[in-house]
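Visitor: The following block contains the structure, expressed as structure tokens.
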Amino acid sequence: MNLIFIEARGGLTTSEQLLGVINQHPQGLGLTIKQLSYSINRPVSMINLCLKQLSSRKQVKIQLRGMQKLVYPYDSCNHLKI
Numbered sequence: 009m010n011l012i013f014i015e016a017r018g019g020l021t022t023s024e025q026l027l028g029v030i031n032q033h034p035q036g037l038g039l040t041i042k043q044l045s046y047s048i049n050r051p052v053s054m055i056n057l058c059l060k061q062l063s064s065r066k067q068v069k070i071q072l073r074g075m076q077k078l079v080y081p082y083d084s085c086n087h088l089k090i
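Counting along the sequence shown from 1, when you hit position 65 you're at 73 in the numbering used here, and nothing is skipped either side.
Printed below as a string of structure tokens:
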């Protein structure tokens, strides 16, 4: 049995891709986790893990609106009521 090791390709991490999408989105409008998942082609579970890390580093802000979590760039949340 031969083992084949796959080498990682260079590029942005999932967290970096998420930050790029979130920061490009018009401020004041949050993105849902499903929208983020679709835009970078990653599963929702991976998006949730990355958002948890980004939120703890205060790079994004997550608000619950109804049954949906909306994600905002952290600095654009100063005017939002939480």
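Where is the CB? At the ideal position from N, CA and C, for every residue including glycine.
#1: How far does the beta strand (DSSP E) with I70 in it reach, from first residue to last?
#2: With DSSP collapsed to three states, give me the class of T21.
#3: What span of residues does the beta strand (DSSP E) with Q76 cover, start to end?
#4: Would you call L20 buried or exposed, if buried means 16 or more other Cβ atoms sit within 10 Å of its Cβ?
#5: Taking its Cβ as the centre, do 16 or more other Cβ atoms sit within 10 Å of Y46, making it buried, or is it exposed?
Guide: Reading off the structure:
#1: It spans 68-73 - the beta strand (DSSP E) in which I70 sits, taken as one unbroken run.
#2: T21 falls in the coil class under three-state DSSP.
#3: In this chain, the beta strand (DSSP E) harbouring Q76 covers 76-81.
#4: Classification for L20: exposed.
#5: Y46 is exposed by the Cβ-count criterion.
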